[in-house]
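Chemist:
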Amino acid sequence: MSKIELIEKTYLKKDLPNFKTGDTVQVSIRVKEGDKTRLQSFEGIVIRRRGQGMGASFTVLRDARGDIVEKIFPLHSPSIEKIKVIKKGNVRRSRLYYLRQKKAGTA
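What the sequence shown shows, in this note's numbering, is residues 1181 to 1287, in sequence order.
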């Protein structure tokens, strides 16, 4: 193991659920506003997972009142409080970019 991998290992989260592309997840994010902190949740379909280690991230797509909202979350970010899998998806693709147009067409 290199020195970089040893340092990264201390920052990796160990309590992450097993989720993949196509799953519906709810991500709770710690948001700081002034001197207060609160939890904000973002629920949607995982359309992409990429990377390994500290650089890993995932993209969540959500339809919010007819508008398509897409957020990219670093997987091991300290601002992510928890990730909850709402529903398992059954997809044949690793990147679900076609949902962007599909959701926009139905809105």
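Idealized CB from N, CA, C, for every residue including glycine.
Using C-beta distances below 6 angstroms, list every residue in its chain close to LYS1262, excluding the 5 sequence neighbours before and after it, in chain order.
Modeler: Result list for LYS1262: SER1208, in chain order.
Chemist: So, for PHE1238: in the same chain, excluding its five sequence neighbours on each side, which residues have a beta-carbon less than 7 angstroms away from its beta-carbon?
Modeler: Cβ neighbours of PHE1238 beyond the five flanking positions: VAL1226, ARG1228, ARG1229, PHE1253, LEU1255.
Chemist: Only counting the same chain, and skipping five residues up and downstream in sequence, which positions put a Cβ closer than 8 angstroms to that of SER1257?
Modeler: No residues qualify anywhere along the chain.
Chemist: Residues in its own chain within less than 6 angstroms of PRO1197 by CB, not counting five upstream and five downstream?
Modeler: So the list reads ILE1263, VAL1265, once near-sequence residues are dropped.
Chemist: To which residues of the same chain is LYS1267 closer than 6 angstroms at the C-beta, ignoring the five residues directly before and after it?
Modeler: These residues qualify, in order along the chain: THR1204.
Chemist: Along the chain, where does the alpha helix (DSSP H) containing LEU1186 start, and where does it finish?
Modeler: From DSSP, the alpha helix (DSSP H) with LEU1186 extends over 1183 to 1191.
Chemist: Out of ARG1245, GLY1233, SER1274, GLU1250, point me to the one whose CA is closest to ILE1184's CA.
Modeler: Here the closest residue by C-alpha is GLY1233.
Chemist: Going by the beta-carbon positions, is the gap between VAL1128 and GLY1224 smaller than 8 angstroms?
Modeler: The structure shown does not extend to residue 1128, since the chain is modelled only from 1181 to 1287, so the question has no answer here.
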